[in-house]
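Participant:
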Amino acid sequence: MTAPTGAPPLVLAVPGAPGPAARRIAEEILSIARSELPGLDARIGYADAEGGADGYPALDAVLGYAAAQHSARTSEAAASAAQDGGDAPDWSRGPAAVVVPLLAGPDTAVLRRIRQSVVSSGSAFELTDTLGPHPLLAEALHVRLSEGGLARADRARLFTVTTAADGIVLATVGGTEAAQAAGITGMLLSARLAVPVLAAPLDEEGAVARAADELRAAGSRNLALAPCLIGPEADEALPSMAAKEAGCAAAEPLGAYPAIGRLVLAKYTELLGIVTPSPLGAPLR
0 MTAPTGAPPL VLAVPGAPGP AARRIAEEIL SIARSELPGL DARIGYADAE
50 GGADGYPALD AVLGYAAAQH SARTSEAAAS AAQDGGDAPD WSRGPAAVVV
100 PLLAGPDTAV LRRIRQSVVS SGSAFELTDT LGPHPLLAEA LHVRLSEGGL
150 ARADRARLFT VTTAADGIVL ATVGGTEAAQ AAGITGMLLS ARLAVPVLAA
200 PLDEEGAVAR AADELRAAGS RNLALAPCLI GPEADEALPS MAAKEAGCAA
250 AEPLGAYPAI GRLVLAKYTE LLGIVTPSPL GAPLR
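Okay, so the sequence shown: first residue is 0 according to numbering that gives the first Met the number 0, each after it adds one.
1. Go to Pro100, then tell me how far its beta strand (DSSP E) extends in each direction, as first and last residue.
2. Look at Ser70 and Ala32 and say whether their C-beta atoms are less than 9 angstroms apart.
3. Got a sec, what are the start and stop residues for the alpha helix (DSSP H) Thr175 sits in?
4. Under DSSP, the alpha helix (DSSP H) around Leu224 begins and ends at which residues?
5. DSSP has Leu126 in a bridge; who is on the other side?
6. Given Thr1, which residues of its chain have a CB within under 6 angstroms of its CB, disregarding the five upstream and five downstream residues?
7. From which residue to which residue does the alpha helix (DSSP H) around Pro37 run?
8. What does the Cβ neighbour count give for Pro19, buried or exposed, with the cut at 16 atoms within 10 Å?
9. Distance, Cα to Cα, Glu244 vs Ala223?
10. Roughly how many angstroms lie between the CA atoms of Cys247 and Ala258, to the nearest whole one?
11. Check Ala249 in the structure and name its three-state DSSP category.
12. Sorted by chain position, which residues of the same chain lie with C-beta nearer than 7 angstroms to Phe124's C-beta, five sequence neighbours on each side aside?
13. At which residues does the alpha helix (DSSP H) containing Gly260 begin and terminate?
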């Protein structure tokens, strides 16, 4: 299956300071999305870019360009339909683009900036929800923990990982609201690992350490921090600093794990009513 002709572009709204690492993650995620839906028109807009210099286009600019393209196509379609005596195609009445925030969970401040860009663009755009909570995020977190030697790769295998954690702090950004949403993904991760998982916001001072103390008070002795982050939305040093404060090891952020690309695409296709051949819930490993 390929993307429908005339389907609006997918604009990935990337938070945080633009840089090579953020661009690499965003490009890899969109590459995954395009492999799932060939022909997909997918673009990157940096929500916190100033002026879009050095090859990092600001979200405002990307949306402005998409709006101009949509207006031109709509005018051409209307003129062609009037000449032929028919109706304009359905896509001409759809959004100029679908904006997908590259966030694992709600971050009110970031979403406010993205929404402001969408509203100020002066055209009809659709903004999707964030990627989580979702079972595929729990899968990605499990994989990142296992890659760091902090969890068994597969509960069905009868081998031991001596460094496997018996308690997980699920770290996110966005304050209490984000931590509450991450808690749902945390329950799914807990079910996969059969260990307790507590969510805590990285951007609230002492929250990760308090969660670690709570897990230790409940009997956990070997803790690990699992960042419920794609990567660009937070300072890359933040998870390791919080893990050091809590006295535990840290897994890598989710990055461009395949499930992230599939979730981004799912937000786009669900909003437009596009049915893809592979179900979102299908396991990747």
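The beta carbon of each residue, even a glycine, is placed where N, CA and C say it ideally should be. The structure displayed is predicted, hence computed values, not measured ones.
Facilitator: In short, the structure shows the following:
1. Translated into positions along the sequence shown, residue 100 becomes position 101. Segment Ala96 to Pro100, the beta strand (DSSP E) holding Pro100.
2. For the purposes of this step, residue 70 is taken as residue 71 along the sequence shown, with counting starting at 1. For the purposes of this step, residue 32 is taken as residue 33 along the sequence shown, with counting starting at 1. No, these two residues do not count as a Cβ contact at 9 angstroms.
3. Here residue 175 corresponds to residue number 176 of the sequence shown, with the count starting at 1. That run of the alpha helix (DSSP H) goes Gly174 to Leu192.
4. Locating residue 224 in the sequence shown gives position 225, where the first residue counts as 1. Unbroken run through Leu224 is the beta strand (DSSP E), Leu222 to Pro226; no alpha helix (DSSP H).
5. As a working mapping, residue 126 is identified with position 127 in the sequence shown. Val98.
6. The sequence position of residue 1 within the sequence shown is 2, counting from 1. Contacts found: Pro37 and Gly38.
7. For the purposes of this step, residue 37 is identified with residue 38 of the sequence shown, where counting begins at 1. Looking at the DSSP string, Pro37 is not in any alpha helix (DSSP H), and its letter there is neither H nor E.
8. In the sequence shown, the residue the question calls residue 19 occupies position 20. Pro19 should be labelled exposed.
9. Counting from 1 along the sequence shown, the entry for residue 244 is found at position 245. Counting from 1 along the sequence shown, the entry for residue 223 is found at position 224. The alpha-carbon atoms of Glu244 and Ala223 are separated by roughly 12 angstroms.
10. As a working mapping, residue 247 is identified with position 248 in the sequence shown. As a working mapping, residue 258 is identified with position 259 in the sequence shown. The alpha-carbon atoms of Cys247 and Ala258 are separated by roughly 26 angstroms.
11. In the sequence shown, residue 249 corresponds to position 250, counting from 1. Three-state result, Ala249: strand.
12. Stepping through the sequence shown from its first residue, residue 124 is reached at position 125. Leu62, Pro94, Ala95, Ala96, Val98 and Val117.
13. On the sequence shown, residue 260 is found 261 positions in, with the first residue counted as 1. It spans Pro257 to Leu271 - the alpha helix (DSSP H) in which Gly260 sits, taken as one unbroken run.
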